[in-house]
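> First the structure, then my questions, so here it is.
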Amino acid sequence: RKCKAAAAAGEPQWRGAGERPGLQVWRVEQFRVVPWPMSKYGKFHRGDSYIVLKTSVSPDNPDKLEWDIHFWIGSESSQDEYGTAAYKTVELDDYLHDGATQHREVEGAESQDFLNCFGGRLTYLAGGAASGFKHVETREREPKLLEVKGLRDNIRLRQVALSRASMNSGDVFILDADAAIYLWNGSASNAHERSKAADIAHGMAAERGGGVRVITVPDDEPDEEHPFWKLMPGERRFLGIKYADIKVRDMSAGGADEKVKAFQPLLMRLKVGSNGKISYTRVARGSKPPANRLKSDDVFLFDTGFEAFLWVGLNADQQERVSAFPFAQKYLQDYRRPSVLPITRYTEGKEAQRFLAMLGPNEKSCCADCIVC
């Protein structure tokens, strides 16, 4: 561990990082990290990747500091930039003696904790370092459309394309927009969906500081002047000429609620071969995996269905530690999981209580290496 910290200390940009409460931002430029001007905090180029360090005073000990490292990936960022950001994030954590919690952020689907670093709002800029910042345009955080579907405890939440064509009258939809959180209850949606969607919407509003309202949108004929419908135009146009209508579909398009299957949480173990190839093995399936299936010599990913967690053992191989986020990216692709799924990285012994609460009690030694359940 001393060797890793010493190597991280060799990066001049980390000197003084995390020594006092506040925010520090770096942009990745040609495999290096470069300080981002404070005047541009909260303004990120789509073609780039960034590292954001938030340092705060521990609520339990005023003499202790806590760190969160977020690395942000623009929609047009290159694989090299993504890889450098992931590597440098681990290096910064090494500099902080493995004391930070790491988070991956994706353009358009940032966590609320990340948004709160910048007053709840981000501005996306066109271009990037490689393009010389040509044709710069600004754009606020993009809205997200979420579908709530199912019965009782078997309810699924998923992100769908921002379009009326994604909606149907049998389900409930939440539009997470800058000005408000909109709730649209399909006329044939069930009480379980409506109740769960209301809980989710109000929870989202609370996370944004309480300054955002939850607005229920009437499910009758769309009012084209309503902000909800303005974000999802009802016409297809080409060269300014309308050629088709876009309408909400009927309940049959959403399928039967009884057939909805909630995602079964997965616990996966990462391995990096001698050839550098990343592979993974399923360790457990279902909620509350036994805590002692997490081994100090390895790196694990736990996908709850709504977010994913990387857990890095204290004795994990350095190459596997550095490969944790690329491994998570490969997992999302191979398992066809949402590319915007939030990912948080913990080091053994530095886990948040909410993560530990997702684990079950230790199992008997005879079951410890079983991967059937």
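Each residue of the sequence shown is one higher than the last, beginning at -1 in our numbering. Glycine included, C-beta positions come from ideal geometry on N, C-alpha and C.
(1) Count the CB pairs spanning the region 85 to 97 and the region 62 to 73 that are closer than 8 Å, and state whether there are at least three.
(2) Do Ala373 and Asn183 have their C-beta atoms within less than 8 Å of each other?
(3) At what residue ranges does the region 298 to 334 contain a whole run of the alpha helix (DSSP H), taking only runs of 4 or more?
(4) Output needed for Lys269: all residues of its chain with C-beta closer than 6 Å, excluding positions within five of it in sequence on either side, in chain order.
(5) Across which residues does DSSP place Asn166 in a beta bridge pair?
(6) Using 8 Å for Cβ pairs, my map puts Asp227 next to Pro220. What's the rounded Cβ distance?
(7) Under a Cβ-count criterion, where at least 16 other Cβ atoms within 10 Å of its own Cβ denotes burial, should Glu79 be classed as buried or exposed?
(8) Taking the Cβ atom as the reference point for each residue, do Ala124 and Arg44 lie within a distance shorter than 8 Å?
(9) Quick one: Cα of Tyr344 to Cα of Trp12, how far?
(10) To the nearest angstrom, how far is the alpha carbon of Gln22 from that of Gln100?
(11) By how many angstroms is the C-alpha of Ala350 removed from the C-alpha of Lys41?
(12) Evaluate Glu103 with the Cβ neighbour count: other Cβ atoms within 10 Å of its Cβ, from every protein chain shown; 16 or more gives buried, anything less gives exposed.
(13) Using the Cα positions of Gly97 and Gly303, report the straight-line distance between them to the nearest angstrom.
(14) Counting only the same chain and skipping the five closest in sequence on each side, list residues whose C-beta sits under 6 Å from that of Ala289.
(15) Name the residue from Phe323, Leu299, Asp295 and Asp301 whose alpha carbon lies nearest to the alpha carbon of Gly311.
(16) Taking the alpha-carbon of Thr279 as reference, which of Met266, Ser109 and Phe300 has the nearest alpha-carbon?
(17) Secondary structure at Phe131, three-state DSSP: helix, strand or coil?
(18) Report the rounded CA-to-CA distance for Gln316 versus Phe298, giving the unit in angstroms.
(19) With DSSP run on the structure shown, which of helix, strand or coil describes Ala98?
(20) Considering only the alpha carbon of each residue, which of Phe171, Gln327 and Thr82 lies closest to Met230?
(21) Please state whether DSSP places His68 in a helix, a strand or coil.
(22) I think Asp301 touches Leu264, with their Cβ atoms under 8 Å apart; what is that distance to the nearest whole Å?
(23) Got a sec? Which residues, its chain only, sit under 6 Å from Ser167 by beta carbon, not counting five neighbours each side?
According to the data block:
(1) yes
(2) Nothing about residue 373 can be reported from this structure: the residues present for the chain run from -1 to 371 only.
(3) 316 to 320 and 322 to 332
(4) Correct list, in chain order: Ser277.
(5) Arg247
(6) At residue 227 the sequence reads Trp, which differs from the Asp that was named. At roughly 5 Å, the Cβ-Cβ gap stays under 8 Å, so Trp227 and Pro220 are in contact.
(7) buried
(8) yes
(9) Each residue's Cα considered, the two are about 20 Å apart.
(10) Rounded to whole angstroms, Gln22 to Gln100 spans 14 Å at the Cα level.
(11) 29 Å
(12) buried
(13) 27 Å
(14) Leu357 and Asn360
(15) Minimum Cα distance to Gly311 is reached at Asp295.
(16) Met266
(17) With a pLDDT of 41 at Phe131, under the threshold of 50, the modelled position of that residue is not reliable, and no figure is offered here.
(18) 14 Å
(19) strand
(20) Phe171
(21) The DSSP-derived three-state label of His68 is strand.
(22) The beta carbons of Asp301 and Leu264 sit about 5 Å from each other, so the pair counts as a contact at 8 Å.
(23) Gly184, Ser185, Ala186, Asp248 and Met249
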